[in-house]
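Asker: Note that the sequence shown covers residues 0 to 160 in numbering that gives the first Met the number 0. Got a structure here, written out as structure tokens. Questions coming.
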Amino acid sequence: MSRMKDSLLWLALAITLVLVFLVNQHEDEVMVSDGLAPAPRVAVTPQQPLTTEHEPRFFRDTLEASNVDIFAVAKPVEENIPTQQRDAAPPTPANPFTYIGKLVEAGEVSIFLTNGREKFVVKKGDIVDSNWKVITIQATEMELLNLPTHSSVRVQIGALL
0 MSRMKDSLLW LALAITLVLV FLVNQHEDEV MVSDGLAPAP RVAVTPQQPL TTEHEPRFFR
60 DTLEASNVDI FAVAKPVEEN IPTQQRDAAP PTPANPFTYI GKLVEAGEVS IFLTNGREKF
120 VVKKGDIVDS NWKVITIQAT EMELLNLPTH SSVRVQIGAL L
């Protein structure tokens, strides 16, 4: 049984080889019979002198000598569009507070913060140090709004309770 399978496999391979050869022959005949005229040759002047058979030229040497980065990505051309000069927004101040702890009492969360000199106990909506307002208090973070710049900062306040 195995000998029969081997014979059938070799027969199928032989038929495939013959068919591939015949298809290639047919394509060659079609290309010749179409009567396509060869494309006109364009004169190209070499940038480097031609080498003879006795002087092998290596592509690597040519690339190294030309100082061209073959992996460079083309950058899009930027159009100079006049833009109106706006006053630069002041940078967001760094968070001056350090989280100390939190207290959950009767479903209300109180957060303990320090700025190095003073300690604060804040709740949602409180204004701290006259420049920061507590916007939201969530399980793991709170959001402070800097009142002069209207920029917000998130402060990590520990794990879930």
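Quick reminder that beta carbons are idealized off the backbone N, C-alpha and C, glycines included.
1) Taking 7 Å as the cut-off, is the CB of V72 close to at least one heavy atom of the ligand ATP?
2) So, for G124: in the same chain, excluding its five sequence neighbours on each side, which residues have a beta-carbon less than 7 Å away from its beta-carbon?
3) Can you give me the Cβ contacts of N145 inside the same chain, cut-off strictly under 8 Å, excluding the 5 residues immediately before and after it?
4) What span of residues does the beta strand (DSSP E) with R153 cover, start to end?
5) For T135, tell me which candidate among V17, I14, I99, Q155 has the shortest Cα-Cα distance.
6) Grouping DSSP H, G and I as helix and E and B as strand, with all else coil, what is M3?
7) Would you grab the beta carbon distance between I126 and F111 for me? Rounded to a whole angstrom, and I think it's under 8 Å.
8) Can the beta-carbon of F96 be found less than 8 Å from the beta-carbon of N114?
Answerer: Walking through what the data contain:
1) This structure lacks the ligand ATP; in fact it carries no ligand of any kind.
2) V133
3) T91, P92, N130, W131, S151, V152
4) 150 to 155
5) Q155
6) helix
7) Not really, about 16 Å apart at Cβ, beyond 8 Å.
8) yes
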